[in-house]
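Engineer:
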Amino acid sequence: MLSDDALIFLQHSIKTVWTLEILLILRRDADRAWNSEELIRESRGSTLILQEVLANLHQARLIETDGNHRIRYRSATPALERLVGEIASAQARRPAAVTKALLSVSSDKVQNFADAFRVGKRT
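Just so you know, we're using this note's numbering here: the sequence shown kicks off at 170 and counts up by one.
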């Protein structure tokens, strides 16, 4: 479904289903500059969710914001664009599989956290 590079990027840079959804909205119409209210309405999210999503996308170097606080999709490199393109294609073909891949890292983190508190093996 996804290459190893795209899977790692999805799990460590995209991180949430909301981030993926808004990334794909922005990429779908890459020439459009969106304001926050438009993105909230389009994604049916909230201000709090959007703030977190935009921070993730900015850190991943996938968006730019202009002087009027309008947001637009812009991958910083061709390599990032290829990864996002691969993820977008997989999402269009198999959205449940992409969501499962995205969420699998979260459950791994929870398990690792829980394992850190185990003192010894139970028999």
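All C-beta atoms in this analysis are idealised placements derived from N, C-alpha and C, irrespective of residue type, glycine included. Just so we're clear, the structure is a prediction, and the values are computed from it rather than from any experiment.
Any contact of the region 198 to 213 with the region 247 to 262, i.e. 3+ C-beta pairs under 8 Å?
Structural biologist: No: fewer than three Cβ pairs fall under 8 Å.
Engineer: Taking the CB atoms as reference points, tell me whether residue 256 and residue 243 lie closer together than 8 Å.
Structural biologist: No, these two residues do not count as a Cβ contact at 8 Å.
Engineer: When you compare only the Cα positions, how much space is there between residue 228 and residue 202?
Structural biologist: Approximately 19 Å, taken between the alpha carbons.
Engineer: Tell me whether the beta-carbon of residue 134 lies closer than 8 Å to the beta-carbon of residue 240.
Structural biologist: Absent from the model: residue 134. The displayed extent of the chain is 170 to 292, so no value can be given.
Engineer: So for residue 184, helix, strand or coil by DSSP?
Structural biologist: Residue 184 falls in the coil class under three-state DSSP.
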